[in-house]
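Visitor: Per UniProt numbering, residue 1 is the first one in the sequence shown, and the count goes up by one each step.
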Amino acid sequence: MSIAAVVAPVVFGLVIATAFGVATVRNDSMSPTLHSGATVVFDRWSTPARGDVVLVVDREGWSGTPDTLLVKRVVGVGGDVVICCEAGSGRLLVNDHPLDEPYAGEVRPGGDIPFRVAVPDGAVWVMGDNRAGSADSRLSVSEPGHGAVPLGDLRGTVRLWWGG
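Spelled out as structure tokens, the structure:
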């Protein structure tokens, strides 16, 4: 057996271990997409886009336990303006365009509290798919960061999930 035959799988394993992670969802804030108990695989290297599901370090204490990992959906990225809500439908507007969010349900998918937030560069604005049961960026719209999550507080973009 050659050294390459031994070293290559070890190097491959290290690359996979540093590029990806696994986590367990602990609540139903992302229902119906993800439920408590679901297992998610996330990549640590990509920059998330609008619509991606991400793992966020809860620096704001939205969950009641600061620094907990939360699973949320990216609604806005740096440079976006997120507005709640479109008259009549209650849909979120991003850059004056209504979002199509079939995962968020039909009853006021943007929530009940009006807001207008400009997402700064180097940050994302996140919400759970279960809008009535999610502690997310909306809880901090009146705080200094307006609910924006710095990219450094993201642990990864969810790529695969099962169970829950």
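Note that the Cβ used here is the ideal one computed from N, Cα and C, for glycine as well.
Keep in mind it's a predicted model, so treat the numbers as computed, not measured.
(1) Looking at the structure shown, is Gly152 part of a helix, part of a strand, or coil, going by DSSP?
(2) So is Ser137 buried or exposed if we call it buried at 16+ other beta carbons inside 10 Å?
(3) What three-state label does DSSP hand Leu34 in the structure shown?
(4) What do you get for Gly64, buried or exposed, if any count of 16 or more other CB atoms within 10 angstroms of its CB means buried?
(5) Output the residue ranges of the beta strand (DSSP E) runs that lie fully inside the segment 60-88 and measure 3 residues or longer, sorted by chain position.
(6) Only counting the same chain, and skipping five residues up and downstream in sequence, which positions put a Cβ closer than 7 Å to that of Asp28?
(7) Quick check on this structure: which residue in Asp100, Ala104, Leu93 and Asp96 has the alpha carbon closest to the alpha carbon of Lys72?
(8) Are there three or more Cβ pairs, one per stretch, closer than 8 Å when the segment 113-124 is compared with the segment 19-33?
(9) Would the beta-carbon of Glu77 fall within 9 Å of that of Arg50?
(10) Going by other Cβ atoms of all chains shown within 10 Å of its Cβ, with 16 needed for buried, is Ser140 buried or exposed?
(11) Given a cut-off of 9 Å on the beta-carbon distance, is the pair Thr157 and Asp43 in contact?
(12) Going by the beta-carbon positions, is the gap between Gly61 and Cys84 smaller than 9 Å?
(13) Among the residues of its own chain, which have a CB less than 8 Å from the CB of Val56, if the five just before and after it don't count?
(14) Could you name the residues that DSSP lists as bridge partners for His97?
(15) Note down the Cα distance separating Ser142 from Ile3, rounded to an integer number of angstroms.
(16) At the level of alpha carbons, what is the spacing between Glu101 and Trp162?
(17) For Val41, which of Val54, Pro48 and Leu92 has the nearest alpha-carbon?
Guide: According to the structure data:
(1) Counting from 1 along the sequence shown, the entry for residue 152 is found at position 152. It is helical.
(2) Residue 137 sits at position 137 when you count from the first residue of the sequence shown. Buried is the call here.
(3) To locate residue 34, count along the sequence shown from 1; it is residue 34. Three-state result, Leu34: coil.
(4) Translated into positions along the sequence shown, residue 64 becomes position 64. By the neighbour-count criterion, in which 16 or more other beta carbons inside 10 Å mark a residue as buried, Gly64 falls on the exposed side.
(5) 69-77 and 81-84
(6) To locate residue 28, count along the sequence shown from 1; it is residue 28. Taken in chain order, the residues that qualify are His35, Ser36, Asn130 and Gly133.
(7) Mapped onto the sequence shown, residue 72 falls at position 72. When only C-alpha atoms are compared, the closest one is Ala104.
(8) no
(9) Counted from its first residue, the sequence shown places residue 77 at position 77. Counted from its first residue, the sequence shown places residue 50 at position 50. Checking the sequence, you will find Val at residue 77 rather than Glu. With respect to Arg50, Val77 sits close: the two C-beta atoms are nearer than 9 Å.
(10) In the sequence shown, the residue the question calls residue 140 occupies position 140. It is buried - the Cβ of Ser140 has at least 16 other Cβ atoms within 10 Å.
(11) Stepping through the sequence shown from its first residue, residue 157 is reached at position 157. Stepping through the sequence shown from its first residue, residue 43 is reached at position 43. Result yes, Cβ atoms of Thr157 and Asp43 sit closer than 9 Å.
(12) Taking the first residue of the sequence shown as position 1, residue 61 is located at position 61. Taking the first residue of the sequence shown as position 1, residue 84 is located at position 84. With a cutoff of 9 Å on beta-carbon distance, Gly61 and Cys84 are scored as not near each other.
(13) To locate residue 56, count along the sequence shown from 1; it is residue 56. The residues are Leu69, Leu70, Val71, Lys72, Val126, Val149, Asp153, Leu154 and Arg155.
(14) Working through the sequence shown from its first residue, we reach residue 97 at position 97. Answer is Val94.
(15) Position 142 of the sequence shown, counted from the first residue, corresponds to residue 142. Position 3 of the sequence shown, counted from the first residue, corresponds to residue 3. Whole-angstrom Cα-Cα distance: 59 Å.
(16) Position 101 of the sequence shown holds residue 101. Position 162 of the sequence shown holds residue 162. Whole-angstrom Cα-Cα distance: 21 Å.
(17) Within the sequence shown, the letter at position 41 stands for residue 41. Residue nearest to Val41 within the set Val54, Pro48 and Leu92 is Val54 (criterion: CA-CA distance).
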